[in-house]
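Here the structure comes first, spelled out in structure tokens, and everything after it is commentary.
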Amino acid sequence: MTQLTPHLRYLPYAQQQTLWLENVSIKQLASQVATPFYCYSKAALLNNIHACKAAFEAENIHIHYAMKANSNLSLLRIVAEQGLGVDIVSIGEMHRALSAGFDAQDIVFSGVGKTTAELTAAVLAGVGQFNLESKEELAVLITIANKHQQLLSALIRVNPEVTVDTHKNITTGAKGNKFGVNFDAVLPMLETAKHSPFIQINGLAMHIGSQIHTTAPYLDAIAKIQTLISELKTQGYPLTELDLGGGFGVQYKDHQMLTSNTGGSGSDSLAFSDFSQAIRSALPHWQGRISIEPGRSLVADIGVMVSEITYIKESQPTSFVVLDAAMNDLMRPALYQATHALIPVKSPFTSRLTEYDVVGPICESTDTFAKSAQLPNDLAAGDLMCFLYTGAYCAVMSNSYNSRPIAAEVLVDDDQAYVIRQAITQENLIAFEQHTALKLI
Ligand code: LLP
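Structure follows, in structure tokens:
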């Protein structure tokens, strides 16, 4: 038996060493669900939630899961049952959150472009916190609150303009980013809100980026925000709430790290407790409420994506593994040059390694999952492969480019497996296009 992560290991199945997630054989799953499909471990999700709660709740910091990372209803239900709140960025996400059982009061509504219709729906649903991203949005919210005579709690999201060492496409708190407001825009917004009997601005919010591996940028941003809060207090605006966003990085381990004798548990990435203690130590005298919005760190390592090899295409200078999964199923490599460890479902440990480029079938050169990957030389068409760490920002970002179906999602719970989203088929996709176009005008 080879243990790769606490929930993923090679064990015998049908006289062969194959990959198991918890106590379910991936090979057996693939005989029932069309590839490619996503597959999540419930135990891994619960572990992450428990670790997050232990670290942050010990410091009296509230957790709102950023559901954009993975908004499958079955996973949301588990998160809601564990007592976390949720961070949403659209009314579609609000409907999911409510139907998964989150209390409206435990919903934080973030996002730079909330429409009037979305804000109205959120007000009527009783959403607990609005994170405002502009004075223009504040004006719209005041109109809605006045109309419905409903008392609303809001924070102002500021841009602390800190440098974060992550991929340029996922920074959000750097100078010039579209998110949040400049520090000097906060006071005028507080003055505007003072005249509205229905809007209470209780504090400030920030979210400085994603996949952050050090506490330094949080400490930098918190220091800047504290200075701003002191200034605002002297102007007669004592703020009592801080929402510090998400962004805690995870390590996307490669195959070698997973099969080394650390058994997948050794890691360079910080633990939840490193972040929680750093945050608390940066705010030793803060009496008010603190909350966070983690996404990736709760779900990235709970999932794998299973795909089948369509061809081993021999070529010069490099041969290709052509999969039945493509960039529409897993966009992160094409979008952020991200690498997700790719391992065979049958045990690789008896074969020699060869260099391959791993690609999908889509007609774009960016439909490439890995360049010069070291993979067993006895791989063949029909073999199953698994991409690891695909629980966050993977299924949610899939699309139907090239008229490809949207992959199914499966949840494993010990020795049971459930389809938690059926594949969205070509028939489903086509159903919204009339055979003869609908005449409008
Ligand atoms: N709060 C706000 C306001 C956010 O915009 C985000 C993520 C989060 C919380 C959660 O951040 P996390 O803890 O997951 O880092 N698609 C990209 C990641 C985009 C993140 C967008 N905002 C990726 O695949 O890497």
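One point on numbering: in the working numbering, the residue at position 293 of the sequence shown is 1106, and numbering is uninterrupted. All residues carry an ideal CB built from backbone N, CA and C; glycine is no exception. If you're wondering where the values come from, they're calculated on a predicted model, not measured in any experiment.
Short Cβ contact (7 Å threshold) for residue i with residue j
i, j, result
"V1171", "V1134", "yes"
"H1020", "G1062", "no"
"A1147", "T1123", "no"
"H1153", "Y1202", "yes"
"G1108", "A879", "yes"
"A1018", "N972", "no"
"I1175", "N1215", "yes"
"D1196", "T848", "no"
"A868", "S1089", "yes"
"I1105", "I876", "yes"
"A808", "F922", "Residue coverage of the chain in this structure runs from 814 to 1254, which leaves residue 808 outside it and unanswerable."
"N883", "V1209", "yes"
"Y823", "S1120", "no"
"K855", "V925", "no"
"V902", "I920", "no"
"I1115", "L858", "yes"
"D1142", "S1211", "yes"
"L897", "L1071", "no"
"E950", "R1093", "no"
"S838", "Y853", "no"
"L1083", "Y1050", "no"
"N836", "D1226", "no"
Residue i to residue j span [Cα, whole Å]
i, j, result
"T985", "T979", "10 Å"
"I1012", "T1005", "10 Å"
"P1010", "L1032", "35 Å"
"A1034", "A935", "29 Å"
"L1052", "K1066", "41 Å"
"E1240", "R1234", "16 Å"
"G1060", "Y1206", "13 Å"
"E870", "G1058", "15 Å"
"N1015", "T929", "22 Å"
"L911", "K1184", "42 Å"
"A1236", "L964", "42 Å"
"N1074", "I874", "The predicted position of N1074 is uncertain, since its pLDDT is 49 and thus under 50; a value taken from the coordinates is nonetheless stated next. Computed Cα separation, rounded: 35 Å."
"A1139", "V1112", "21 Å"
"A917", "E931", "14 Å"
"P770", "A1091", "This structure does not reach residue 770, given that the chain is present from 814 up to 1254, and the question cannot be answered."
"A1250", "T1238", "21 Å"
"T1040", "A913", "39 Å"
"Q895", "N885", "16 Å"
"A998", "T956", "20 Å"
"K881", "Q1187", "32 Å"
"S1078", "E1044", "Bear in mind that a pLDDT of 44 at S1078, under 50, signals an unreliable position, so the model cannot answer this."
"G1204", "P1030", "25 Å"
Beta-ladder partner(s) of residue i, from DSSP
i, result
"R1102", "E1054"
"R822", "Q816, W833"
"G1108", "None; G1108 has no bridge partner."
"L945", "I969"
"C852", "V1117, V1223"
"K991", "Beta-bridge pairing links K991 to no other residue."
"F922", "I901, F943"
"T1167", "L1188"
"G1049", "Partner(s): none; G1049 has no beta bridge."
Residue i: CB within 6 Å of a non-hydrogen atom of ligand 3
i, result
"H961", "You won't find ligand 3 in this model; what it holds is ligand 1."
Could you say if the stretch 958-965 and the stretch 984-1000 meet the contact criterion of at least three C-beta pairs nearer than 8 Å? no
Three or more C-beta pairs below 8 Å linking the stretch 1182-1200 and the stretch 1216-1235: no
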